[in-house]
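K.L.:
Right, I'll just put the structure down here and ask away after.
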Amino acid sequence: MAGGTEPGAGLGPERVVEALELLLRSPPPPAGPAERDGEAVPGPEGALRLETLRSNVSALEERLLREPGWAALRGLRHAVLARAPALAAGAASEADPGWAAACALLALLLCLKERLAALAAAPAAPGAGAGAAPPPSADTLSVAQGRAVGRALRAAVGLGLVPYLPPGVGQLPGPRTPPPAPPASSGARLHAATAALSELAQHPALGAPLLARHLGLLLAGLCLLGHGPAACSQGVSDAERARCRETLQHILDRIYQPLAVRELLILQGRPKQSPPSPGEETKRALVRAPAWLRRLCGQLLSERLMRPSGVQAVVRGIMEGTGAGGAGAEAAAVDWRKCDAVAKILASCPQQCRSLQEYYRLVCPQVLGLLHIQDKLTALQFQRVATTTLLTMAKEHPQLAEKYLLQPLLAPLLRCSDTAELLLEDLSAGAVLVTEAELDTCVQDVLKVYVVGNDSSSLLLGSLQSVLGVVFSLYSFAKQNVSYLRSPCQEILLWFLEKSEREVSLAVLEGFAGLNSIVPTLHPRCRFCAGSEGGATIAVEETISDEDDALYQKISLEQCHVENLVELLSHCQKSGLAGDFFIRCLQALTHVAAEDEVASNLAATPGGSLLELEQYHTGQRRKLLVLQLVATLCENISDTVFTNVAQVQEFVAAMLQRACASPAQGPGAAVEAQTLAMAMGLVAAMLGGAVQLRSSDFAVLKRLVPLLEELSRTYPEPVTQELASDLRIAICTHGAFSPGTLGAAADGVLGKKPGTGVQRPAGIPSGAPSPRSGRAPSWHSHSSSSAPGQRSEEQTLSHEPSTTGPALAPCTDSPAGLQELLVSAYDPQPPGRAAALRCLASLITQRDPEALRLQEKLLQVFLENMQHEDAFVYLSAIQGDMVFKHREPLVQAFLQGARDPDSALRASSLSNLGELCQRLGFQLGSIVQEVTSCVTAIAKTDPEAQVRRAAVHVVVLLLRGLSEKATEVLQDVLRDLYRLLKHVVVAEPDGATKLHAQLALEELDAVMRRVLFPPQVLEKKITVLP
């Protein structure tokens, strides 16, 4: 160092690495068991015994003093230790070989840092020739050197840092070796090691392996020295503790933020008495951290959250952090508990935040940004976290959530609403208000938050209602064009209509049709344009100067909206919304009819004001809209619109109110009278037995009594008066009084001639029965609806026979009758064709000789009718049992469904599996083992009671279907099924499941009794002797 020469000048990194390897040299393997009893060093380098460390330190000192090639390293090491007196004292100590080895390692690592920094600052070597790879930088370590440095860092942390951390601070659970130093010097040693490691972390080549493997322990040491109790920092000055706090903040700000979040969570430890989640028992357990460390980690985590992109860093850190996008992300996406926990953290305002509003202002835009993650696997978990966070914030602080979450989310749609405050007059025609990307992102975000989130709170429904008119306009545009936005818009609209109160849904539908202004619609100067990527944009529309063109465009748009509204309602028939809206439109039509005469007189009165004239034209426009809407509804979904008796009652009440308000007169009197007769005949058919009525249904029908009484007194036609009076009496007597007028009215609705059974279509012989004879199906309040143009058996009344009609003759078995049936099988009327097909099927089932002779021809008839568009004809032609042919795919589908996460789907699959097994009988074959294993596992382990109940019911159906054949078909699994049923009876907590098991045991007992003790049959046996 004389003459101002820098210490260690000319020293290469390989010499320092050689010294590190000398310190970490492993001892030779022990010769016998007696040599294995030496004391081992605690920490990661436990394999190095104290004697080995002492000898390695002595060998290094010997080489530094005696060998000339190590002089430069000796000088550099001396300069480094001069700046770190605590390391110098530790390296010279012989009382504690572990701490001495740690100090020696840290000193050498600091020497390596000095040399690498010097080499990096030196002038770069001349570049390689053209086409050659550039040479590595002078401070680059080789693979072997990097491996040696990693071992040295691990040993330095294990010997110099881990032994001096108290329990719960960066430690794993388990027995802990007491520190080798007295408590008075533990703080000074910890500070010396932490300061050296923090200095090493500043160099890229050394900081990368150090922070990648030992970040948590380094943070634990800095937290303890900077923020821990004073008893743990004896020998450390206040200035040194302040520097530790600065270093901690510097490291946390510099590293990858999800990694910082993850390490802070590990330092924070597990909550009090929190068991591990299912599937996490094998992960690294967390210890209970001290209270001061938990508070500190919470504060540091809140600081990470409040930083730019802090929300995403927290989410990535908790959701397996750096593994986002891989298999860990896929598992985390399924773990909804973890997603909900992260959402709860994000929705809670930290204590150090200045105000709740400030926190929402900073965090909410980042929460919305989580919805736009592109990676598919990561997007699943981020979407759930964002949605749950938004819903939680909306519940806890609705006003702030609406301001900072919902309004920015819906901003592109609000921007073009007719309530927007934009000065569209100042914008040029064709100016784009919402780009294609903005609109696509907005629609997808609404779908994720509202539909997928599925929270029907008043705040969410109200915020969505403010843009629902724009969404419906976009849906109509997408229906008329090729756009991928049609499906998400339809899902959004259907979700709102399903989750809202029925009156709100009906009012919104009226708003879609233009009957009210409850729903803000698209601004009149805005229009949708097709986007280049299959989406849409919203632009300012050019003003149409021609009034005729403007009127035509307006009428075309209204017609398009009405058609799309009816199309939307076709998906709402099962819930009854379509029927309620149809009735609402009929009621509106009644009010229009009542106001017609007054409005006509007002229009004919001269001298009316402009306001009155405008009101008249508005009323006329509303009347035309109602008429158009009713006509479109009748044309498309009227045959399946009603799903219960209450809706039929409301429909009839609307028709009666209309008749009472304006009796049929003038040119449209015939149509009005026919409509009224149809409505009253519908009630008569219901009372005549076409629908099985309960006492609650009569309570609903009694609402018609005042209207019927008024109609019987005021209607000008005597026949209608008499029918109204008889209907009133029949309803009040619950059908006990049924005069002939009701039967005639019912026959008119059901298509029957007065005094006969069902009207027989042409082509059906007199001996053949009419369709659907012999039963009157019940009308359930939630019956499934069929598609437009099709009529299901439970919903269509036009072909249902009256229970009071005469019995029909059975199918004829004469050759002439068979030929007539074959001719009728091609009848153009579906009822006649279906009746003929059912008669032919009955003849085959009865093994009729003539039918068996023509079985090939009959098969062709059935195959041709299976292609018929009418559902009733198709069902009549497909009377063969197909489960035997499709046994394998059905069994596999139901077994797969029994493993579905949805409990309702699992129960449904098991129910279908039981019905299938009951029908298969002897054809079960090898699937018995699979069915038994599946049912046994589900009945014993499934957490849902309804699923276990369905599994046991499979056994009941199986035994019931096989009956005496059970001992033959189930001979290999009968004992297992018996043990399963006994287990369920003894251990099952659900009463219904236990009842199913008892029924199955009784069924099995009955089967075994019939097999073991067959009934005694008295018979006479006559033997003829030879």
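To convert a position in the sequence shown, counted from 1, into the numbering used here, add 40. Idealized CB from N, CA, C, for every residue including glycine. From a predicted model like this one, the values you see are computed outputs, not experimental measurements.
(1) Please identify the residue among Asp588, Ser349 and Gln308 whose C-alpha is closest to the C-alpha of Leu333.
(2) Short check: CB of Ala979 to CB of Val1024, under 7 Å?
(3) Determine the direct distance from the alpha carbon of Ser238 to that of Pro348, and round the result to whole angstroms.
(4) Counting only runs that start and end within the stretch 469 to 557, where is the alpha helix (DSSP H) found for 4 or more residues in a row?
(5) Looking only at C-alpha atoms, which of Glu955, Ala1027 and Arg394 sits nearest to Lys996?
(6) Going by C-alpha to C-alpha distance, which of Leu181, Arg155, Ala233 and Leu205 sits closest to Ala248?
(7) Relative to the C-alpha of Trp139, which residue among Arg94, Leu945 and Val183 is closest?
(8) Mind checking Thr843: buried by the 16 CB within 10 Å criterion, or exposed?
(9) With a threshold of 16 other CB atoms inside 10 Å of the CB of Ala587, please say whether the residue is buried or exposed.
(10) Can you give the Cα-Cα distance for Gln1056 and Leu877, rounded to whole angstroms?
(11) Go ahead and label Leu748 buried or exposed: buried means 16 or more other beta carbons lie within 10 angstroms of its beta carbon, across all protein chains shown.
(12) Once the 5 residues before and after Tyr204 are set aside, which same chain residues still bring their CB inside 6 Å of it?
(13) How would you write the range of the alpha helix (DSSP H) that Val183 sits in, first residue to last?
(14) Can you tell me the Cβ-Cβ gap for Pro34 and Thr658, rounded? I've got them flagged as a contact below 8 Å.
(15) Decide if Phe536 is buried, meaning its Cβ has at least 16 other Cβ atoms within 10 Å, or exposed.
(16) Tell me whether the beta-carbon of Leu673 lies closer than 7 Å to the beta-carbon of Ala699.
(17) Express the C-alpha separation of Gly338 and Pro330 in angstroms, rounding to a whole number.
(18) Which residues bound the alpha helix (DSSP H) around Ala686?
(19) Which residue or residues does DSSP assign as beta-bridge partners of Val580?
(20) Assess contact between the stretch 51 to 70 and the stretch 107 to 116, defined as three or more Cβ pairs (one per stretch) separated by less than 8 Å. Is contact present?
(21) Tell me the DSSP bridge mates of Ser457?
(22) Considering just the uninterrupted stretch of the alpha helix (DSSP H) at Pro929, what are its terminal residues?
(23) Return the CA-CA distance between Arg187 and Leu450, expressed in angstroms with no decimal places.
(24) Check the C-beta distance from Ser752 over to Ala764 and give it rounded, since I have them as a contact under 8 Å.
(25) Looking at the secondary structure, which residues open and close the alpha helix (DSSP H) in which Cys143 lies?
(26) Only counting the same chain, and skipping five residues up and downstream in sequence, which positions put a Cβ closer than 6 Å to that of Gly366?
(27) Relative to the alpha-carbon of Ser545, which residue among Arg661, Lys519, Leu508 and Val522 has its alpha-carbon at the smallest distance?
(28) Hey, quick one: how far does the alpha helix (DSSP H) through Glu102 stretch, first residue to last?
(29) Which of the three DSSP states, helix, strand or coil, is assigned to Arg401?
(30) Run through the DSSP bridge pairs and tell me what Arg1015 is partnered with.
(31) Can you check which of these residues, Arg959, Ile967 and Leu1021, is closest to Leu1002 by C-alpha distance?
(32) Measure the Cβ-Cβ separation of Pro390 and Ser342 and say whether it is below 7 Å.
(33) Mapping the DSSP letters down to three states, classify Gly309 as helix, strand or coil.
(34) Could you give the C-beta distance for Leu767 and Ala719, rounded to a whole number, given that I count them as a contact under 8 Å?
(35) Spatial neighbours of Val120 within its chain, please: CB distance less than 6 Å, with the 5 preceding and 5 following residues excluded, ordered by chain position.
(36) Alpha carbons only, please: which of Leu145, Ser572 and Ala553 is nearest the one belonging to Glu607?
P.N.:
Here's the rundown:
(1) Gln308
(2) yes
(3) 25 Å
(4) 476 to 486, 498 to 505, 508 to 520, 526 to 539 and 542 to 553
(5) The sequence as given places Val at residue 996; Lys does not occur at that position. Glu955 is the residue among Glu955, Ala1027 and Arg394 whose C-alpha sits nearest the C-alpha of Val996.
(6) Proximity to Ala248 across Leu181, Arg155, Ala233 and Leu205 peaks at Leu181, based on C-alpha coordinates.
(7) Residue Arg94 is the option with its Cα nearest to Trp139.
(8) Its pLDDT being 32, under 50, Thr843 is placed unreliably by the model, and nothing is read from it.
(9) This sequence places Glu at residue 587; Ala is not what is there. Glu587 is exposed by the Cβ-count criterion.
(10) Answer to the nearest angstrom: the Cα atoms are 43 Å apart.
(11) buried
(12) Pro219, Ser226, Arg229 and Leu230
(13) Boundaries of the alpha helix (DSSP H) harbouring Val183: Val183 to Gly200, taken from the DSSP string.
(14) Lying before the first or after the last residue shown, residue 34 is absent from the chain, which here runs from 41 to 1066.
(15) Around the CB of Phe536, 16 or more other CB atoms lie within 10 Å, so the residue is classed as buried.
(16) no
(17) If I take the Cα positions, the gap works out to 12 Å.
(18) Val685 to Ala701
(19) Cys566
(20) Contact annotation: the stretch 51 to 70 touches the stretch 107 to 116, with at least three C-beta pairs closer than 8 Å.
(21) Leu562
(22) Arg927 to Gly937
(23) In a straight line, the C-alpha of Arg187 is about 54 Å away from that of Leu450.
(24) About 4 Å; that satisfies the 8 Å criterion.
(25) Pro137 to Ala161
(26) Here Gly366 scores only 47 on pLDDT, less than 50, and its place in the model should not be relied on; the value that follows carries that caveat. No residues qualify anywhere along the chain.
(27) For Ser545, the nearest C-alpha among the options comes from Leu508.
(28) Leu90 to Arg106
(29) helix
(30) Bridge partners of Arg1015: none, in fact.
(31) Arg959
(32) yes
(33) strand
(34) So it is not a contact: roughly 10 Å between Cβ atoms.
(35) The beta carbon of Val120 sits closer than 6 Å to the beta carbons of Ala147, Leu150 and Cys151 from its chain, once the five residues preceding and following it are set aside; these are given in chain order.
(36) Ala553
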